[in-house]
Each structure stands twice: as C-alpha cells, then as structure tokens.
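In the numbering used here, the protein residues as written are 772 to 805. These notes concern the structure reproduced below.
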C-alpha cells in the first residue's frame, strides 16, 4: 500500500469514526442515558 492510498483511507476512516461516536452521543442523549 502506497502513501496516497494510506492517506485516502485515513481521510475516510477518521470522519466516519467521529460520526459514529457522535451518533452514539446523540442516541444516548435522546434516550436519556446517564
């Protein structure tokens, strides 16, 4: 795997991971979990 592919993978992976964690936080707030 070359550098361009690795950067591209990170550019997709990191925002999706952040969005995933953000979705959990929204869901927990909506359900009223402590």
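Even for Gly, the Cβ is constructed at its ideal location relative to N, Cα and C. Here the structure is a predicted model, which means the values were calculated and not measured.
Could you please give the first and the last residue of the uninterrupted alpha helix (DSSP H) stretch that includes residue 772?
-> Residue 772 -> no alpha helix (DSSP H), and no H or E assigned at all.
Taking just the CA atoms, how far does residue 796 sit from residue 802?
-> Cα-Cα distance, rounded: 10 Å.
Got a sec? Which residues, its chain only, sit under 7 Å from residue 781 by beta carbon, not counting five neighbours each side?
-> none
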